[in-house]
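Residue numbers in the sequence shown follow numbering that gives the first Met the number 0, run continuously in steps of one, and reach 243 at the last position. Okay, structure first, notes after.
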Amino acid sequence: MFMSTESWSFQSTVLSRRYRVILHDCRGQWRSSKPPGEYTFSSHVEDLRALLEHLEAERAHIIGTSYGGEIAMFFALKYPEMVRSLSIIASVSEIRRPLSLLTDRWIAAAETRDPVKFILGWINDVYSDRFLEEHWSMLWRRLTSVYRSFDFDAAVRLLRCFKTLEREPLTPKLGGIRAPTMVVAAELDRVKPPLYSRIISEGIPGSELHIVHGSGHAVIIERHEAVNTLLLGFLEKCRLQERR
0 MFMSTESWSF
10 QSTVLSRRYR
20 VILHDCRGQW
30 RSSKPPGEYT
40 FSSHVEDLRA
50 LLEHLEAERA
60 HIIGTSYGGE
70 IAMFFALKYP
80 EMVRSLSIIA
90 SVSEIRRPLS
100 LLTDRWIAAA
110 ETRDPVKFIL
120 GWINDVYSDR
130 FLEEHWSMLW
140 RRLTSVYRSF
150 DFDAAVRLLR
160 CFKTLEREPL
170 TPKLGGIRAP
180 TMVVAAELDR
190 VKPPLYSRII
200 SEGIPGSELH
210 IVHGSGHAVI
220 IERHEAVNTL
230 LLGFLEKCRL
240 QERR
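Structure follows, in structure tokens:
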């Protein structure tokens, strides 16, 4: 939610060799507009639809991690005809108490509007212990630089949108997703543990579940090679199935 399209650089570099890759920041994120008022999953879905139509992408393989994965599931339910496949990475379809409390803590950190306090409010949740130990200096330098120009008010609106899954869970609707679906969990995810990915996989008919070992929530960065292997394999499987 706090990352930009640059977070996908490990994946886009590889996927673009075989596919047309479209990356976008959601409303409220980085390069996209940050309109005032409440953000909703419905508005995110309509933004994505408008983007794909503008780029003349009639059907697409939709890949999302965390908040993006949640948007992807809503999109697949609203516009199934536009979805060739779904790849849902480290996401949830409902919010249980520990995640609710974590989200409240992140909101409180964002409301300080202090870059250092904000980063310290979530960084230990997002990355695994090993990754923090090995990359701390680089991470801290980069994040403290990037978040100097961060829109904290927009972040709060995004977090509050996410929290609507607590009172309006998506889980009961998952059976309506018909697109070929791959669900990926990170073994050491402290934000959205594998439990949530299992719930999603059990709810979406015919979906497959993979758990990436040794990674925290930022699995597309920490274990990017493993994620790339899963994505390439799944997309190729979908291509072969479409040819039958």
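Note that beta-carbon positions come from the ideal geometry of N, C-alpha and C, so glycine has one too. These figures come from a predicted structure and were not determined experimentally.
Q.
Please report the distance separating the alpha-carbon of residue 62 from that of residue 119.
A. 28 Å
Q: May I ask which residues mark the beginning and end of the beta strand (DSSP E) holding residue 84?
A: 82-88
Q: Compare the Cα-Cα distances from residue 182 to each of 208, 202, 162, 164 and report the closest residue.
A: 208
Q) Which residues in the same chain have their Cβ closer than 7 Å to the Cβ of residue 217, if we skip the five residues on either side of it in sequence? A) 125, 126
Q) Which word fits residue 188, buried or exposed, when buried means at least 16 other C-beta atoms lie within 10 angstroms of its C-beta? A) Residue environment analysis places residue 188 among the buried positions, since at least 16 neighbouring C-beta atoms fall within 10 angstroms of its C-beta.
Q) So, using beta-carbon positions, are residue 94 and residue 162 closer together than 9 Å? A) yes
**Q.** Under the three-state DSSP convention, the category residue 72 falls into
**A.** helix
**Q.** C-alpha gap between residue 111 and residue 117, whole angstroms
**A.** Rounded to the nearest angstrom, the two C-alpha atoms are 7 Å apart.
Q | Uninterrupted beta strand (DSSP E) stretches inside the region 167-239 (no shorter than 3 residues) | A | 180-185, 207-211
(Q) Between the alpha carbons of residue 141 and residue 240, how many angstroms are there, rounded? (A) Answer to the nearest angstrom: the Cα atoms are 42 Å apart.
Q.
Please report the straight-line C-alpha distance between residue 106 and residue 201, rounded to a whole angstrom.
A. Their Cα atoms are separated by approximately 30 Å.
Q.
Quick check on the DSSP output: the alpha helix (DSSP H) that includes residue 23 runs from which residue to which?
A. Looking at the DSSP string, residue 23 is not in any alpha helix (DSSP H), and its letter there is neither H nor E.
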